[in-house]
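Undergrad:
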Amino acid sequence: MVEDLIVIIKTTNIFKILPIFFMIVFTSSIDIDSNCPGRLNQVFLKSAPFANSSAGKITEIPNVATLEICVEKCCNKVEEDCNVAFFFNKTCYHVQCHTNQACLPLKRNNITVDLAMMLVRPVADSTDSWMVSLRKFRYQQLLEHQSMTSSQRKLFEDDASNYGPYEDQELFEQKVKNMFRLGSNYPGELQYNDLEADESQRILETGMRNECEIRGINRCTEFEVCRRIREEAGRGFCECLPGYHRGLNNRCVKNERILENAIADRLTMQGVLDNADSVFLNNNADDESNEQLPNDKKKLLTVSVAPKEVKLPENEVALSAFVIPDEKTSGDKYTYLWTLISQPKPNGNGTMTDQSKDTVRLTNLSEGNYQFKCQVTGTFYYGEGLGNVTVLPANRINKAPQVMITPSFQTVKLPNHRGILDGSGSTDDGQIESYTWEIISAPIGYQSTKLDTNMLHSSMLQLDNLDLPGNYTFKLTVTDSEQKSNSTTATIEVEKEIDYPPNANAGNDIIIYYPQTNVTLNGNMSTDDHEITAWEWTKDSSTDQSKPVDMTLTRTPYLQLSNLEVGVYTFLLKVMDVKNQSSTSKVRVFVKPALTNEPNAVTGNNQTIILPQTWAMLNGTESTDDVKIERFQWKQVSGPSESLIVNSSLPFANATNLKVGNYVFQLTVFDNLNNNASALTNVTVKQEQNAPPVANAGGDQTITLPVSVVILNGSRSSDDLEITKWAWERDGTSLAMGTIIGNSSNEPVLMVNYICQIKKLNLTLNFLSKLTNVVPGRYVFKLTVSDAQGLSSSDTVSIFVNPDPLALNLVELTLTMEANSLMQSELDYLLQKVNLLLGDDIKVTVRDLKIDQKTGKLIAIFYATKGKSIIMPATDVEHILKEKFLRDYPILGSSVLEIRTSICQNNCSGHGACNSQTRVCMCDSFWLPDLWYFIGVEEPNCNWSILYVAVGVVLIFIIISGICFGITYFCRRRSVKKPRSRRPVQKYALLDTQEEESLNHFSKNSLQTFSEESDTESDILFETRSRNGILKANGDTNKSNGKYSMTRLGRRIKT
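If you count the sequence shown from 1, position 538 lands on 538 in our numbering, and the numbers rise without skipping.
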């Protein structure tokens, strides 16, 4: 059976703003289970984890009836699985907390069902116990409260430092229990017996006192004794001895000091408790020293000043300071000092009286916030408090808007017919809601309907139809947000238009000198307030009318006179306006006889300039004439080079681009009669020191075939005066192929032709004419520059020519048409046919067009791209086109003569080289094409070796000879076995005894002789038998005349 003791913290309030902390403490007398050594023996009523569902992993435990069983199940779990157990609505929940602070108990006042929790074990990675975490969290909340003064905050920090952390957990829990007010039991699922209830009541009655054990360690201090709660109880509380009471520092002092509950006194001084139950006794003496202490050593007073709020026109208020403890309680005498901290206006007129009393009076306050500080000082106490006074503005009384129109009166003179009335200067104590313009009066015939409706409801009225003279009166009504309005008027006076007569101006008098007889008179300076409609020039009748003159354009502002004679002429200009009002003006023309004096040209002193200055100012302003010099002309007479004269027709001229040497310049001046005079001036250009030029051939270049133009630019070469000579020459290490174009070898820019044929092209690698003639490699050129005095310098530049990356992908189509007859449309149509033969996914791109030098036919060079970026080999394209050209000849028709690759890619079987022109293999020694090439089946090759061909021919000859001999031999054998022609039938007769013996003897001799000889064709025995039976061998004639001597027996042959 677990014994539980429940204590409830009494609700506290810090200055009526501090959040309320509720905690129910219960103390267990049983030993802590070994599975939960860190369990806090306290039950927190109506409390749940601080972080709610984010505190950790929450698990519902079924079939648990009480909080006691719920805690025991939590203790039996693995350490990491359960940290907090709480009982909600008769259901047990275990929490696996993320941190200790996330699972600290938070009071839920709005919960009506049963709710209680208990802290079982701290989080595994935390070093703080539950009590240390509670203390840190509580003081953190108190210190974060913004309304606490610095002294109050310091007291809390001191109080926090007095309570932990403690290694002795029991002592720490005892101190924590002394910090809270004790309350009633928890009426929830856990049932407690009367013993716990009596003990809780005893704790409530005794208040905050140190707990002690009767037979254990005595924790009571001096002047205290451990008193049991009941007779059978083993524990009790420390009480003061008779004649002593518990003072402010929770120690027992004599009754001369005021008795007060220790923790209540502390909390009251801190402003935590509004109503602290305290017991006061008379304080007749003080056992402390009566010496005046500094304020930081005195006890802290809680000074509270209630804020005040007044509304103008009331501008007086009284602030009172309330001190805890008061003078009666503390037995000390307090002095007060009020000071101003802030006010709404820096130089306000407010007045403060009774600054040394607990209540200060403030008068003449203005609108805004005031802040005051009250310092309360006693012999042993000191405290400060702040008070705020808010002065609100007086209730506003709505006033009518103040309407203002700018201008209130204005005058408009026709033909100007526009006017503007501005009412945006109107004001109101609130907000202006609307503007309304009205026409009060206007001249008869005025059309007010032409006014813009939106303009009549804006703050500014723009009028552009004031066409009638008279007075216009407009009224502006302004309405505020409370529908209170006010009005005013403005007047516009429109005056009639006044037409003034024109003002004629024929211009100034003119003097001309004979032989000049022409002049133009200008009357465009005449003016009128509207418009001049007519011009009329006449000769003044008051002058001599006999002087001849020719007058043209007499009805325009410009009068042209010609054929004037020497004398004085007067001309009259008359101008008229739209109302036929006129004005006249006279102008005289003086024609003087010709002048004989010529002008005088003056060029000033000779000049000497020193390089690098290359210019000189030419001054002819001192030249004179008896009338006027009309024109100046500067020119160079002599010099080492041609100079550039800037402003050559002005008195001041600038001669530039001067070089070392002497220059002579001539100035010629002309008067109005074209009389002229000239003068010379010398400009000497010297050079004190000459520096050699600096050659710069430009940087090295890398190009890739094919290219059209490559330029070697040496224009960046410099000299202190001028570079007079440029010389480009090919270096000995450079490739020899390439031709320098024209005379560019002696110019700043060198152009080189990189083909074998000498053509005037700008540094052209024109491999498209003859691709084989292009030689990639390195070209080196040397630039030498020289100045006028013979100094020179050189620079070298290299050009690296890379092979054409597409050379093996180019295909040539030799067309039947010549270059001067092929149109672009025909070429495009031909390329479409080639695309058709190659396929839809292959694109043909023309690289160049060239002319066959032998036939004059046009050759189109192209490459084929498959897909987006795959360039097909030229051999594949050639094979496809030839194959399809033979099969689909009508597609290309007779427009194509030949299809081949631009570069011969035939390796000639590795035993020769391909001729780029004829495409025939030039075979190496002892090699020749095979038989199929001569037949026309195979491409040119060098497949056969001459040695192998000779051996083969010999073998073939031997084989053929053998075959012929065999055939001949076979035929001869056939001819030997062939039967002879039929001969007459021979008669045969029996041999007699003598003939048989003779025959036998001959046969034996013959066989013996035949066996001894060789088996050759010569070993043939011919036997002939005569009719008489005598044998003849090898042609012997039998001459016997027997009976049968005339009978022929035949021949025998044996080999």
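Built from N, CA and C at the ideal position, the CB exists for glycine as well.
Identify, in the order they occur along the chain, each residue of the same chain with its Cβ nearer than 8 Å to the Cβ of Phe-862, setting aside the five sequence neighbours on each side.
TA: Contacts found: Leu-810, Val-811, Leu-813, Leu-831, Val-834, Val-844, Thr-845, Val-846 and Arg-847.
Undergrad: Do Trp-932 and Glu-938 come within 7 Å of each other at the CB atom, strictly closer than that value?
TA: For Glu-938 and Trp-932, yes; Cβs fall inside 7 Å.
Undergrad: What would DSSP say about Gln-689, mapped onto helix, strand or coil?
TA: It is coil, neither helix nor strand.
Undergrad: Could you tell me whether the Cβ atoms of Ala-48 and Val-71 are closer together than 7 Å?
TA: No, the pair does not count as a contact, with Cβ atoms beyond the cut-off.
Undergrad: Could you please give me the residues that DSSP links to Thr-865 through a beta bridge?
TA: Per DSSP, Lys-843 and Ile-871.
Undergrad: I'd like the span of the alpha helix (DSSP H) that includes Leu-836, first residue to last.
TA: Start and end: 824-838.
Undergrad: Compute the beta-carbon to beta-carbon distance between Gly-378 and Ser-320, rounded to the nearest angstrom, for a pair I have assumed lies under 8 Å.
TA: With 8 Å as the limit, Gly-378 and Ser-320 do not qualify as a contact, their Cβ atoms being about 18 Å apart.
Undergrad: Hey, could you find the ends of the beta strand (DSSP E) Cys-70 is sitting in?
TA: Run containing Cys-70: none in the beta strand (DSSP E); it sits in the alpha helix (DSSP H), 67-76.
Undergrad: Name the DSSP bridge partner or partners of Lys-328?
TA: None, per the DSSP bridge assignment.
Undergrad: Thinking C-alpha only, which one of Lys-311, Val-323 and Gly-790 is nearest Leu-300?
TA: Nearest C-alpha to Leu-300: Val-323.
Undergrad: Can the beta-carbon of Gln-701 be found less than 7 Å from the beta-carbon of Thr-668?
TA: No, Cβ-Cβ distance for Gln-701 and Thr-668 is not below 7 Å.
Undergrad: Go to Phe-934, then tell me how far its alpha helix (DSSP H) extends in each direction, as first and last residue.
TA: Start and end: 931-935.
Undergrad: Using the beta-carbon count (16 or more within 10 Å), is Met-1072 buried or exposed?
TA: Residue 1072 lies beyond the residue range present for the chain, which begins at 1 and ends at 1055; the question has no answer from this structure.
Undergrad: Going by beta-carbon coordinates alone, are Val-78 and Cys-97 separated by less than 7 Å?
TA: Their beta carbons are not under 7 Å apart, which means Val-78 does not touch Cys-97 by this criterion.
Undergrad: When you compare only the Cα positions, how much space is there between Asp-464 and Asp-577?
TA: Approximately 27 Å between the Cα atoms of the pair.
Undergrad: In chain order, what residues of the same chain have a beta carbon less than 6 Å from the beta carbon of Leu-658, not counting five sequence neighbours either side?
TA: Cβ neighbours of Leu-658 beyond the five flanking positions: Thr-614, Ser-643 and Val-685.
Undergrad: With C-beta atoms as the reference, is Ile-61 less than 7 Å away from Cys-92?
TA: Yes, they are a contact pair.
Undergrad: Considering only the alpha carbon of each residue, which of Ile-69, Cys-75 and Lys-46 lies closest to Pro-37?
TA: Out of Ile-69, Cys-75 and Lys-46, Cys-75 has the C-alpha closest to the C-alpha of Pro-37.
Undergrad: Please state the DSSP three-state secondary structure of Thr-406.
TA: Of the three classes helix, strand and coil, the one that applies to Thr-406 here is strand, per DSSP.
Undergrad: So which of Gly-368, Pro-693, Arg-730 and Leu-705 has the shortest CA-CA distance to Arg-716?
TA: Considering only alpha carbons, the answer is Pro-693.
Undergrad: Reducing DSSP to helix, strand and coil, say where Phe-137 ends up.
TA: Of the three classes helix, strand and coil, the one that applies to Phe-137 here is helix, per DSSP.
Undergrad: Could you tell me how far apart the beta carbons of Leu-849 and Leu-837 are, in whole angstroms, since I believe they sit closer than 8 Å?
TA: In fact, because the Cβ distance is near 20 Å, the residues do not count as touching under 8 Å.
Undergrad: On the premise that Gln-371 lies in contact with Leu-386, defined as a C-beta separation below 8 Å, what is that separation, rounded to the nearest angstrom?
TA: So it is a contact: roughly 6 Å between Cβ atoms.
Undergrad: Between which two residues does the beta strand (DSSP E) harbouring Gly-385 extend?
TA: Counting along the chain, the beta strand (DSSP E) containing Gly-385 begins and ends at 381-392.
Undergrad: For chain C, check one thing: does any of its Cβ atoms lie closer than 7 Å to the Cβ of Gly-567?
TA: No chain C is present in this structure, which holds just one protein chain.
Undergrad: Closest to Gln-402 by C-alpha separation, out of Asp-429, Thr-411, Asn-395 and Arg-396, would be which residue?
TA: When only C-alpha atoms are compared, the closest one is Asp-429.
Undergrad: What is the rounded straight-line gap between the Cα of Asn-451 and the Cα of Gln-462?
TA: Contrary to the premise, residue 451 reads as Leu rather than Asn in this sequence. Looking at the two C-alpha atoms, the distance is approximately 9 Å.
Undergrad: Which residues in the same chain have their Cβ closer than 7 Å to the Cβ of Thr-473, if we skip the five residues on either side of it in sequence?
TA: These residues qualify, in order along the chain: Ile-440, Ser-441, Thr-489 and Thr-491.
Undergrad: Does the structure place the region 713-732 close enough to the region 785-794 that three or more beta carbon pairs sit under 8 Å?
TA: Cβ pair count under 8 Å is three or more, so yes.
Undergrad: Report the rounded CA-to-CA distance for Lys-884 versus Leu-897, giving the unit in angstroms.
TA: Cα to Cα, the separation comes out at about 14 Å.
Undergrad: Under the rule that 16 or more other beta-carbon atoms within 10 Å means buried, what is Asp-625, buried or exposed?
TA: Burial call: buried.
Undergrad: Taking DSSP as the reference, what is the three-state secondary structure of Tyr-558?
TA: It is a strand residue.
Undergrad: Can you tell me whether Ile-960 is helix, strand or coil according to DSSP?
TA: Helix.
Undergrad: Assuming Trp-615 is part of the beta strand (DSSP E), what are its boundary residues?
TA: It is not in any beta strand (DSSP E) - Trp-615 carries neither H nor E in the DSSP assignment.
Undergrad: Give me whichever residues DSSP pairs with Lys-373 in a beta bridge.
TA: Bridge partners of Lys-373: Thr-339 and Leu-386.
Undergrad: Expressed to the nearest angstrom, what Euclidean distance is found between the alpha-carbon atoms of Thr-302 and Ile-432?
TA: About 52 Å.
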